Amino acid sequence: MMDSSTVASRKTWRRLQGYARPYRGLLLAAAAAMLLEALVSAAVVKLQQPIIDDLLVAQTFKWWLPVAMVLLLLARGLFGLAGDYTIARSGRNVARDLRLQLMDKYLRIPGQHFDSEPVPSMLTRLGSDADQVARAAVDALKVMIGNALQVAALLAVMIWTSWRVSLVLLILAPIMAWTMGRIGKRYRRLNHAIQEASAAALQSADQALHAQQEVKTYGGHALEMQRYGGQTLRNVRLEMKVEVTRGMLSLFVQFLGAVTLASMLVVAGFEASAGRLSAGDFSVLLTSMVALVPALRQLTNVQNMLNRGITSAERVFAILDQADEADDGGHALPRAKGLIEFRHVSARYEGQETPAIRDLSFVARPGTVTAIVGRSGSGKSTLVKLLPRFYEPESGQILLDGRPLHDYRLADLRSQIAMVSQQVMLFDGSIAENVAYGELHAASREAIETAIRGANAMEFVERLPQGIDSPVGERGGKLSGGQRQRLAIARALLKDAPILILDEATAALDNESERLVQAALAQLMPDRTTLVIAHRLSTIEHADQVLVLDEGRLVEQGSHAELIARDGLYAHLHRLQFRESA
Ligand SMILES: Nc1ncnc2c1ncn2[C@@H]1O[C@H](COP(=O)(O)OP(=O)(O)OP(=O)(O)O)[C@@H](O)[C@H]1O
Ligand SMILES: [Mg+2]
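For what it's worth, the working numbering labels the leading residue of the sequence shown as 484, then goes sequentially.
Right under this line is the structure:
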């Protein structure tokens, strides 16, 4: 019987094996090492018979026995080491291959995905999921092949020594395995529940610690402790259940082991009195049996390892199978003129009822400044995110230099745009590395310094101990909000692209710095198309046209003076919002 889920997991399994294929050579070497290790282990066990019968019982010293023992143990260690090394090497590389593929994919899939999958979940896929997959694809082979070989070798030794006594074990072992399997299932279920409970506790601790300032100012201490206390208590209870199950398991194993041993003793007694079993033979049988138990237990655990690997692989493949951002326009675009046209554009975020942009049409010409204003949530940021194609419109068309955006190669389109977004993102690195980021990395130091000066950032950069080589900290954490914003502006200045988009780019600056930054931006504006989202009158007044958005609709359009004269929404917003700098 094969239902659809086993078919699916077979497929996943086959695909998973594909990841091990590049390491075939290493894996073959590993199998050879494991075979040798199993043979040597069996020989070590078998050596007990002459040691006991000759050295102890007959008391005839044979010098080769201790020498053989040392050599065999040394060989076993070396083969074991070789097996572990080759397996670890291929396993860790498979995990890395998966991580690289995933990371590459994450940077290629449409930005919309980032609205639905939180970054911590992406980190789990890159971290433990990739490891579990490698474990299933490679490490499981080690257990399967290595332990199967060991079990086979030990059984061969036992049968060779006395098939009658071995028969007892062969009859009783399946009963033992079945019982252990039953208890093992409960054990795994509990462990799974523990993992989930720990994850929940971790998440609530993470949240409380990250928001420690909010917890303190809003008196959330008791609430957070209660939440965390409840989750950790659940964890303790589950762990106690696991402990009891573990105890039960070992009780059963000991009991059944004792029964098996007793039965073997009875048969061994008969065999010895019939002259077919020496003391050494008996010792070989006992040692083999003791060595068989852990090897068999690991073999029964392999299914578990594979299942976990397959679950993780499904999570990883779900991402790898997503389509990349659509990039099928073949038109190369060295440098655009910067004529932007929106024709009846509507856009909706996935899962939202109402569109964020509705039937929006306007033209922005090269060398002009278009200001976009409107209440919070009216769709201003959404409008500008459509230009680099971070999101795709639901209907309508956006054109650049008279051609739909889709006609251009995506990388070419994006290289036409310098954007300072509402949330400034800096990378762990120096100020210079952040300004000359990505394609700009080859910029000269003079160019970088000019850009920093233009963004009015030199004033604080100079005061830092290492100047433009000072580290900004993780996500720019060592800088203030306004300082980060000025570096983002410097980055945009350095890019010198035909389209400049500023989304509240100067919102965190004081009036004086803003005036200086505006002056630097104004110098750039004449030979490019600028879209600027701002609340300050000084910026909007000088714009060539103002677009007034309301609930995603373009409700008014014109120059500042025209719109004031019209006495509509703009005039209203102007009276309420833009006054502070008037
Ligand atoms: N990633 C997203 N997923 C779903 N809905 C979104 C997303 N981003 C924005 N929205 C919604 O789209 C609408 C427009 O948002 P947008 O960010 O464009 O507003 P805005 O005019 O820039 O506002 P603000 O002045 O506050 O920055 C809002 O209703 C918002 O809730
Ligand atoms: Mg916005």
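Quick reminder that beta carbons are idealized off the backbone N, C-alpha and C, glycines included. Fair warning: this is a prediction, and the values are worked out from it, not measured in the lab.
Query	Result
For Ser1064 and Val602, I'd like the C-alpha separation in whole angstroms.	Residue placement at Ser1064 cannot be trusted, given a pLDDT of 47 that sits under 50; the coordinates are not used to answer.
By the three-class DSSP mapping on this structure, what secondary structure does Glu824 have?	strand
Using the rule of at least 16 other Cβ atoms within 10 Å of the residue's Cβ for burial, across every protein chain shown, is His704 buried or exposed?	exposed
Name the residue from Leu909, Ala617 and Tyr711 whose alpha carbon lies nearest to the alpha carbon of Ser795.	Ala617
Please list, in chain order, all residues with a C-beta atom less than 7 angstroms from at least one heavy atom of ligand 2.	Lys863, Ser864, Gln905, Asp986, Glu987 and Ile1016
Hey, Ala620 and Gln714: beta-carbon distance below 8 angstroms or not?	no
Less than 7 angstroms between the CB of Ala839 and some heavy atom of ligand 1, yes or no?	yes
If you measure from the CB of Gln1028, is any heavy atom of ligand 1 nearer than 7 angstroms?	no
Exposed or buried, which one is Asp612 when buried takes at least 16 other CB atoms within 10 Å?	buried
Roughly how many angstroms lie between the CA atoms of Arg572 and Leu673, to the nearest whole one?	32 angstroms
Can the beta-carbon of Val1029 be found less than 8 angstroms from the beta-carbon of Ser1021?	no
Give every residue of the same chain whose Cβ lies closer than 7 angstroms to the Cβ of Leu632, excluding the five residues on either side of it in the sequence, and list them in chain order.	Met517, Leu518 and Ala521
If I measure Cβ to Cβ from Gln1040 and keep anything under 6 angstroms in the same chain, skipping five residues before and after, which residues do I get?	Leu1030
Compute the Euclidean distance between the alpha carbons of Gly763 and Asn576, then round it to the nearest angstrom.	46 angstroms
Shorter than 7 angstroms, the distance from the beta carbon of Ser913 to the closest heavy atom of ligand 1, or not?	no
Look up Met902 in the DSSP assignment and give the residues it is bridged to.	Ile984
State yes or no: is the C-beta of Ala839 within less than 8 angstroms of the C-beta of Gly862?	yes
Roughly how many whole angstroms lie between the Cα atoms of Arg493 and Arg858?	54 angstroms
Please list, in chain order, all residues of the same chain as Thr853 whose beta carbon is under 6 angstroms from its beta carbon, the five residues on each side excluded.	Ala847, Leu1014 and Gln1028
If you draw a straight line from the C-alpha of Asp443 to the C-alpha of Val1000, how long is it?	It is not possible to answer for residue 443, since the shown part of the chain is limited to 484 through 1065.
What runs of the beta strand (DSSP E), each 3 residues or longer, lie entirely inside the region 852–937?	852–857, 878–883 and 900–903
In the DSSP assignment, find the beta strand (DSSP E) that holds Val1038 and state where it starts and stops.	Arg1036 to Gly1041
By the DSSP assignment, the alpha helix (DSSP H) with Asp567 in it spans what residues?	Trp547 to Tyr589
Who are the Cβ neighbours of Asp810 in its own chain at under 6 angstroms, not counting the five residues just before and after it?	Leu893
Helix, strand or coil for Val955, going by three-state DSSP, please let me know.	coil
Quick one: is the Cβ of Asp1033 within less than 7 angstroms of any heavy atom of ligand 1?	no
Using 10 angstroms around the beta-carbon of Pro549, count the other beta-carbons present and answer buried if the total reaches 16, otherwise exposed.	exposed
Got a sec, what are the start and stop residues for the beta strand (DSSP E) Val846 sits in?	Ile840 to Ala847
Tell me the rounded alpha-carbon separation between Thr644 and Leu510.	33 angstroms
What are the boundary residues of the beta strand (DSSP E) that includes Ile1016?	Thr1012 to Ile1016
Among Gln1006, Arg720, Ser898 and Leu769, which residue has its Cα nearest to the Cα of Ala815?	Ser898
For Glu997, does the count of other Cβ atoms within 10 angstroms reach 16, so buried, or fall short, so exposed?	buried
Do Gln532 and Ser761 have their C-beta atoms within less than 8 angstroms of each other?	yes
In whole angstroms, give me the CA-to-CA distance for Ala694 and Arg958.	17 angstroms
Can you give me the start and stop residues for the beta strand (DSSP E) that Gln1028 sits inside?	Gln1028 to Asp1033
What are the partner residues of Ala830, as DSSP defines its beta bridges?	Ile840
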